[in-house]
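Q:
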Amino acid sequence: MSTARAERLVNLVLALLSTRQYMPAERIRGIVPGYADAASTEAFFRMFERDKAELRELGIPLETGTNSAFDPEGYRIARRDYELGDIDLAPDEATAVALAARLWDSPDLTGQAHGALVKLRAAGVEVDDRAHAMVEPRVHTEPAFAPLLAAVQAGETVRFDYRRSDSPERRTRTLEPWGVVSWRGRWYVVGHDRDREAPRCFRLSRISGEVVTTGERAVVRRPEDAKLLDFVAGTSVSDDGSAATTARLWLAEGRATGIRRHAQVLEHRSVDGEDGDVVEIELQHPEGAADWIAGHGPDAVVLAPDVLAKAVADRLERVAAGGGGMR
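The end of the sequence shown is residue 327 by full-length UniProt numbering, with every number in the run present.
#1: Using 10 angstroms around the beta-carbon of Thr157, count the other beta-carbons present and answer buried if the total reaches 16, otherwise exposed.
#2: Tell me the residue span of the beta strand (DSSP E) that contains Leu62.
#3: Please return the same chain residues whose Cβ sits closer than 7 Å to the Cβ of Phe231, not counting the five positions on each side in sequence.
#4: Any chance the stretch 143 to 157 sits against the stretch 175 to 187, with 3 or more Cβ pairs inside 8 Å?
#5: Look at the alpha carbon of Arg27 and the alpha carbon of Ala4, and state the distance between them as a whole number of angstroms.
#6: From the DSSP output, in three-state form, read off Ser18 for me.
#7: Is the separation between the beta-carbon of Ile259 and that of Leu251 shorter than 8 Å?
#8: Starting from Pro199, trace the beta strand (DSSP E) in both directions and tell me its first and last residue.
#9: Give every residue of the same chain whose Cβ lies closer than 8 Å to the Cβ of Ile77, excluding the five residues on either side of it in the sequence, and list them in chain order.
#10: Got a sec, what are the start and stop residues for the beta strand (DSSP E) Leu175 sits in?
#11: For Arg194, I'd like the list of residues in its chain whose CB is within less than 6 Å of its CB, leaving aside the five on either flank, ordered along the chain.
#12: Buried or exposed for Ala43, going by 16 or more other Cβ atoms inside 10 Å?
#13: Tell me the rounded alpha-carbon separation between Pro24 and Glu73.
#14: Which same chain residues, not among the five before or five after Asp275, have their C-beta less than 6 Å away from its C-beta?
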């Protein structure tokens, strides 16, 4: 946001807080610095509409009404709704808040959690970060988490490439998302799959590339009786990847020690002129093992199965693109 717009929004909030009556748009244009720069009445109203939307997205309670039957529509901010009420947290509750803020291993959510702590401290709540120094939990979120959550909140339809558990092939899916939930340490998005014309859930770790919106806003309607967590728990996709799988990997000679400790060497083989070994390893959770294997970079190459090889390749592509995606 530009400095000029930020100043205009602050001035608009101050103006609407300073009056108990509803202030018409033309009056706002005349007294709030920044609106006088509009080239025309149409330009002012476009600017004003954007500013109103911004204030509402920030959670500022902007009221609309009239002072009498003969007055034009106006705006105000009720001070009782705008001001932060008293917050009284017990020491253990404040510690829980601080702990929750440190759970999220995601740039988007980390920033929001930090902002929540700043607001609590500004309200006089003592939040002790040291109280949980011995506890370092993390909730890992996939790159698709933030855009999917934003789409759910905006009621937008999304499109993404998805890889099934039993195939390395990627297919484009179009989804009306109802919500994002966590089940057994994995994240899923649940919604209406337009390609299947039925409710479906998708594991976020299998979404490849970017999640894009289709341009349709406020079109998604979540069924009132939809219980997202129950849907994920009762769908076979929630448990796929949990069965043990035997995988074959090539490991560079003298490297990938962490994998070698759990693997059996089958043969010595050179790849692209580099010596190494073909090994076999039993994986109880192949999907989660993809992060572990990808963490060894070029020192570990999955030969089979293809699904695991594709999962590792997806993670390495994210890192190469600067999107992260590995724990």
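Ideal Cβ positions, reconstructed from N, Cα and C, are used throughout, including at glycine.
A: Quick look at the numbers:
#1: buried
#2: 62 to 65
#3: Val190, Pro199, Cys201
#4: yes
#5: 20 Å
#6: coil
#7: yes
#8: 198 to 203
#9: Val13, Leu16, Leu17, Ile60, Pro61, Leu62, Glu63
#10: 170 to 183
#11: Thr174
#12: exposed
#13: 6 Å
#14: Glu253
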